[in-house]
Amino acid sequence: MSVYISVDLRKRVRKADRDRCAYCLTVETISGISLSFDHIHPLSKGGKTDFENLCLSCRSCNEFKVDITEAQDTLTGEVVNLFNPRTQQWREHFNWSANGTIIEGKTAIGRATVIVLQMNHATIVAARRFWTAVGCHPPE
Numbered sequence: 046m047s048v049y050i051s052v053d054l055r056k057r058v059r060k061a062d063r064d065r066c067a068y069c070l071t072v073e074t075i076s077g078i079s080l081s082f083d084h085i086h087p088l089s090k091g092g093k094t095d096f097e098n099l100c101l102s103c104r105s106c107n108e109f110k111v112d113i114t115e116a117q118d119t120l121t122g123e124v125v126n127l128f129n130p131r132t133q134q135w136r137e138h139f140n141w142s143a144n145g146t147i148i149e150g151k152t153a154i155g156r157a158t159v160i161v162l163q164m165n166h167a168t169i170v171a172a173r174r175f176w177t178a179v180g181c182h183p184p185e
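All the letters of the sequence shown, read from the start, carry residue numbers 46 to 185 under the numbering used here.
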C-alpha cells in the first residue's frame, strides 16, 4: 500500500533520523540503498501518517518488521512492544558489540527488536565489518 507523505514531513523525518535507519542505524550514504519511510505503528493496525508514527528504515529492517508491533523477549519470555524510535532512546535499549558489528539488546524491548528485525543477519554484519575497517562505523 502506497501512502502519500508530504515533502515537508519527509524532510522532518529525514532530519530527525539523520538519514539513517532508526532501528539499526545503517546510514543511507554508506549502504548505498535508499531508506524507506516506516509506519512505526502500521497503517493496517490503525497507525497514522504523521511525524510521531514515521521513521526511516533500511530495507532489511522494514521487510522483517512488516506489521509486527510486539514480540517475545527470548531472555524473560515477556511479550513487549518493539522499539519505538520516536518515543524511546536507542542507547537505552541497544549497544554495539566491542568490534562494532553486532547490535546487542540491553532490555526486553531491545532484545525482541533485534530478533524480529534480524538486525544481525550475516549480510549486514559483513557490511559492518567493512564499514568499521574503513572507520565509518559504528555511527554515534
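C-beta: ideal position from N, C-alpha, C; glycine also.
| Item | Value |
| --- | --- |
| When Leu127, Leu54, Ala171 are compared against Thr94, the one with the closest alpha-carbon | Leu54 |
| Inter-residue CB distance, Asp118 and Ala157 (contact presumed, cutoff 8 Å) | 5 Å |
| Cβ pair Thr114, Asn98 closer than 8 Å | no |
| With 16 other Cβ atoms within 10 Å as the buried cut-off, status of Ala67 | buried |
| Opening and closing residue of the beta strand (DSSP E) in which Ile148 lies | 148-150 |
| Among Ser51, Ile147, Thr71, the one whose alpha carbon lies nearest that of Asn107 | Thr71 |
| Alpha carbon of Ser76 to alpha carbon of Ile160, nearest angstrom | 21 Å |
| Simplified DSSP state of His182, which is helix, strand or coil | coil |
| Phe82, DSSP secondary structure in three states | strand |
| Exposed unless 16 or more other CB atoms sit within 10 angstroms - verdict on Val58 | buried |
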